[in-house]
Amino acid sequence: MNDEEFEKTVYELCDKDEFVQLEAQNKIASLGSDAVSQLNEIITTITDSHVKLEVAKLLSDFNDVSSIDTFIKLLYDPNKWVRRESSSALTKYGEEVIDPLLIVLDDENWRARGAAAWVLGNLGDERSLDALLVAIEDSESFVRSGAVFGLGKIGGPKSIIALKKAAEYDESSYVRANAIKFLEDLEN
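Residue numbers for the sequence shown follow the numbering used here, so the first one is 7 and each next one is one higher.
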């Protein structure tokens with residue numbers, strides 16, 4: 007399939023006709039690993055958020071490590087559903103994504119920081135403990151809630167101290183409630 011045909015097929019993922027959508031998915035899936043590199047390339051040029059989301063879902067289904075950088079970049083996408091799909095996809099790669107996510111966790115973009123905190127939290131890897139202890143003090147509640155999730159999964163004395171502080175003093179009722187829940191889980 008040439009580049010022009012591939013691009014047309016990608017846009018058919020969001021066709022009004024479900025049969026056309028299914029055919030597009032099957033065409034792309036039949037390309038196997040060749041599709042991954044093409045999808046990684048084309049997703050950066052797509053401006054339609056619905057199409058971009060469908061491409062992100064396909065990339066996630068392929069579960070190819072060559073997509074890690076693409077998913078990291080998509081944490082900065084303006085569309086929250088694209089960011090969420092990318093976050094979910096990154097959890098599949100385990101420890102391979104920890105170092106790049108630790109860099110994102112220190113970025114000025116709070117949405118990307120929050121997504122990174124959520125993925126790191128989902129992974130529950132102790133190497134992210136110190137970064138999550140910083141993130142729980144972030145100015146954005148979305149980032150703090152991701153940090154609470156991670157600290158709750160990692161556990162240990164440092165996590166418990168930070169969670170107790172968040173449970174008592176955080177300005178967000180959502181962050182406080184989650185900190186309390188994780189403390190209860192850790193203490194039982």
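The beta-carbon is built from N, C-alpha and C at its ideal position, and this holds for glycine as well.
Computed from a predicted model, the values in this text were never measured in an experiment.
Practice task
Report all residues from its chain with a CB closer than 7 Å to the CB of V110; omit the five preceding and five following residues, and keep chain order.
Solution key: Taking the sequence shown and counting its residues from 1, one reaches residue 110 at position 104. Taken in chain order, the residues that qualify are I78, L81, A118, R119 and A122.
Practice task
Starting from the C-beta of V181, find all residues in its chain whose C-beta is less than 7 Å away, skip the five residues before and the five after it, and write them out in chain order.
Solution key: Counted from its first residue, the sequence shown places residue 181 at position 175. The beta carbon of V181 lies closer than 7 Å to those of S147, R150, S151, V154 and A172 in the same chain, with the five residues before and after it left out.
Handout entry: Three-state secondary structure assigned by DSSP to G127
Key = Residue mapping note: residue 127 aligns to position 121 of the sequence shown, counting from 1. Assignment of G127 by DSSP, reduced to helix, strand and coil, places it in the helix class.
Handout entry: A41 vs I34 beta-carbon contact at 8 Å
Key = Numbered from 1 along the sequence shown, position 35 holds the residue referred to as residue 41. Numbered from 1 along the sequence shown, position 28 holds the residue referred to as residue 34. Taking 8 Å as the Cβ cut-off, A41 and I34 qualify as a contacting pair.
Exercise for the section: May I ask which residues mark the beginning and end of the alpha helix (DSSP H) holding L169? Expected result: Translated into the one-based positions of the sequence shown, residue 169 becomes position 163. For L169, the uninterrupted alpha helix (DSSP H) segment begins and ends at P163 to Y175.
Problem - CA-to-CA distance, S43 to N128, given in whole angstroms - result: Mapped onto the sequence shown, residue 128 falls at position 122. Mapped onto the sequence shown, residue 43 falls at position 37. Taking the straight line from one Cα to the other gives about 27 Å.
Problem - Runs of beta strand (DSSP E) wholly within the segment 75 to 145 (minimum 3 residues, chain order) - result: For the segment 75 to 145, not a single whole beta strand (DSSP E) run of length 3 or above is found.
Practice task
Please state whether DSSP places I48 in a helix, a strand or coil.
Solution key: Here the question's residue 48 lines up with position 42 in the sequence shown. When DSSP states are grouped into helix, strand and coil, I48 belongs to the helix group.
Handout entry: For K170 and I186, the rounded distance between their alpha carbons
Key = By one-based count along the sequence shown, residue 186 stands at place 180. By one-based count along the sequence shown, residue 170 stands at place 164. Approximately 7 Å, taken between the alpha carbons.
Exercise for the section: Would you identify the three-state DSSP class for D191, choosing helix, strand or coil? Expected result: Here residue 191 refers to the residue found at position 185 of the sequence shown. Looking at D191 - three-state DSSP - the assignment turns out to be helix.
Exercise for the section: Measure the C-alpha to C-alpha separation of I104 and S72 and round it to an integer number of angstroms. Expected result: By 1-based counting over the sequence shown, the position of residue 104 is 98. By 1-based counting over the sequence shown, the position of residue 72 is 66. A direct Cα-Cα distance of roughly 15 Å separates I104 from S72.
Practice task
At 4 residues or longer, and completely inside the segment 15 to 72: list those alpha helix (DSSP H) runs for me, N to C.
Solution key: Within the segment 15 to 72, complete alpha helix (DSSP H) segments of at least 4 residues are found at 24 to 36, 39 to 48 and 55 to 68, given in chain order.
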